[in-house]
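Q:
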Amino acid sequence: EAAVTQSPRNKVTVTGGNVTLSCRQTNSHNYMYWYRQDTGHGLRLIHYSYGAGNLQIGDVPDGYKATRTTQEDFFLLLELASPSQTSLYFCASSDAPGGRGEQYFGPGTRLTVL
Amino acid sequence: QQQVRQSPQSLTVWEGGTTVLTCSYEDSTFNYFPWYQQFPGEGPALLISILSVSDKKEDGRFTTFFNKREKKLSLHIIDSQPGDSATYFCAASNTNTGKLTFGDGTVLTVKP
Numbered sequence: 108e109a110a111v112t113q114s115p116r117n118k119v120t121v122t123g124g125n126v127t128l129s130c131r132q133t134n135s136h137n138y139m140y141w142y143r144q145d146t147g148h149g150l151r152l153i154h155y156s157y158g159a160g161n162l163q164i165g166d167v168p169d170g171y172k173a174t175r176t177t178q179e180d181f182f183l184l185l186e187l188a189s190p191s192q193t194s195l196y197f198c199a200s201s202d203a204p205g206g207r208g209e210q211y212f213g214p215g216t217r218l219t220v221l
Numbered sequence: 123q124q125q126v127r128q129s130p131q132s133l134t135v136w137e138g139g140t141t142v143l144t145c146s147y148e149d150s151t152f153n154y155f156p157w158y159q160q161f162p163g164e165g166p167a168l169l170i171s172i173l174s175v176s177d178k179k180e181d182g183r184f185t186t187f188f189n190k191r192e193k194k195l196s197l198h199i200i201d202s203q204p205g206d207s208a209t210y211f212c213a214a215s216n217t218n219t220g221k222l223t224f225g226d227g228t229v230l231t232v233k234p
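Going down the list, the sequences are from chains A and B. Quick note: the first sequence uses this note's numbering, first residue 108, plus one each step. Quick note: the second sequence uses this note's numbering, first residue 123, plus one each step.
(1) Would the region 123-132 of chain B count as touching the region 205-219 of chain A if we require 3 or more Cβ pairs under 8 Å?
(2) For the region 143-151 of chain A against the region 180-196 of chain A, do three or more pairs of beta-carbon atoms, one drawn from each stretch, fall closer than 8 Å, so that the two count as touching?
(3) I want to see whether chain B comes within less than 8 Å of Gly-149 of chain A, judged by CB atoms only; does it?
(4) Would you mind working out which of A:Ser-200, A:Gly-124, A:Thr-133 sits nearest Leu-184 of chain A, comparing C-alpha positions?
(5) To be precise: take each residue of the region 221-233 of chain B, compare its Cβ to all Cβ atoms of chain A, and keep it if any distance is under 7 Å. Which residues remain?
(6) Any beta carbon from chain B within less than 8 Å of Thr-197 of chain A's own beta carbon?
(7) By the 8 Å beta-carbon criterion, what residues does the region 159-190 of chain B contribute toward chain A?
(8) Answer yes or no: does any C-beta atom of chain A fall closer than 8 Å to that of Thr-151 of chain B?
(9) Does the beta carbon of Pro-144 of chain B sit closer than 8 Å to a beta carbon anywhere in chain A?
(10) Could you round the C-beta distance between Phe-161 of chain B and Ala-213 of chain B to whole angstroms and report it? I think they count as a contact, below 8 Å.
(11) Who are the neighbours of Phe-211 of chain B on chain A, taking C-beta pairs under 8 Å?
(12) How far does the beta strand (DSSP E) with Phe-187 of chain B in it reach, from first residue to last?
(13) Applying the 10 Å Cβ sphere with the 16-neighbour rule, what's the burial state of Ser-176 of chain B?
(14) Who are Val-126 of chain A's beta bridge partners in DSSP?
(15) State buried or exposed for Trp-136 of chain B, treating a residue as buried only when at least 16 other CB atoms are found within 10 Å of its CB.
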């Protein structure tokens, strides 16, 4: 069964703080995604990747950087966190592009920026 | 501009009843339409999906319908159960691109 893990599960930081969210998948999937989920907005794509070293810009990338260090690991970086980035963040992986493959989601990281 | 619109935002049905969720989309190049189910405290999980070459797909109590001319899709749940209480997201993409566009979700409550 597909396995996507995220850490930390909860994070509180202050405005201007530096935050890194981690995602690891053990499915040997090439494609990985970072989403944020907010009430009334569903899931919005921040960044995604086709493989190690590759990065694609999603629909709401402002204020976020991402890095795919290996096939398994995908990181989301908030270098100057703002209260508007308070949200529930999900990582997902798939074995085909988002247009064709089932996406397997992690359990989420709840981030609060004070 | 929101490319995938979902309705209703929330819905309550009685156990045994039929649930109908609907979505509409803008981009005529979209040709893949999955529905994801999310329980509280968990990530979404794929429930059922349909390609634009089909107009209907069934999986047990769940059926999704697709209308290409009207750019609409729907999810029907027959014999709804309290265990179906969850948030449901429709999504859409072009199979040639790398990303899905999600609707805002419908919170379904099934009362016993």
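For glycine and all other residues, C-beta sits at the position ideal for the given N, C-alpha and C.
A: Taking the definition as stated:
(1) The region 123-132 of chain B is not in contact with the region 205-219 of chain A.
(2) Short answer: they touch.
(3) The beta carbon of Gly-149 of chain A sits closer than 8 Å to some beta carbon of chain B.
(4) Of all alpha-carbon atoms in A:Ser-200, A:Gly-124, A:Thr-133, the one lying nearest the alpha-carbon of Leu-184 of chain A is that of A:Gly-124.
(5) Residues Lys-221, Leu-222, Phe-224, Gly-225, Asp-226, Gly-227.
(6) The amino acid occupying residue 197 of chain A in the given sequence is Phe; Thr does not appear at that position. Taking 8 Å as the CB threshold, Phe-197 of chain A lines the interface with chain B.
(7) Close to chain A, meaning a Cβ-Cβ distance shorter than 8 Å, are the following residues of the region 159-190 of chain B: Gly-163, Glu-164, Gly-165, Pro-166, Ala-167, Leu-168, Ser-171.
(8) Judged by the 8 Å Cβ criterion, Thr-151 of chain B is not in contact with chain A.
(9) The amino acid occupying residue 144 of chain B in the given sequence is Thr; Pro does not appear at that position. Under the Cβ criterion of 8 Å, Thr-144 of chain B is not counted among the residues facing chain A.
(10) Not a contact, Cβ separation roughly 17 Å.
(11) Gly-149, Leu-150, listed in chain order.
(12) Segment 184-189, the beta strand (DSSP E) holding Phe-187 of chain B.
(13) Under this definition Ser-176 of chain B is an exposed residue.
(14) Val-126 of chain A pairs with A:Leu-185.
(15) If you draw a 10 Å sphere on the C-beta of Trp-136 of chain B, you find fewer than 16 other C-beta atoms in it, and that means exposed.
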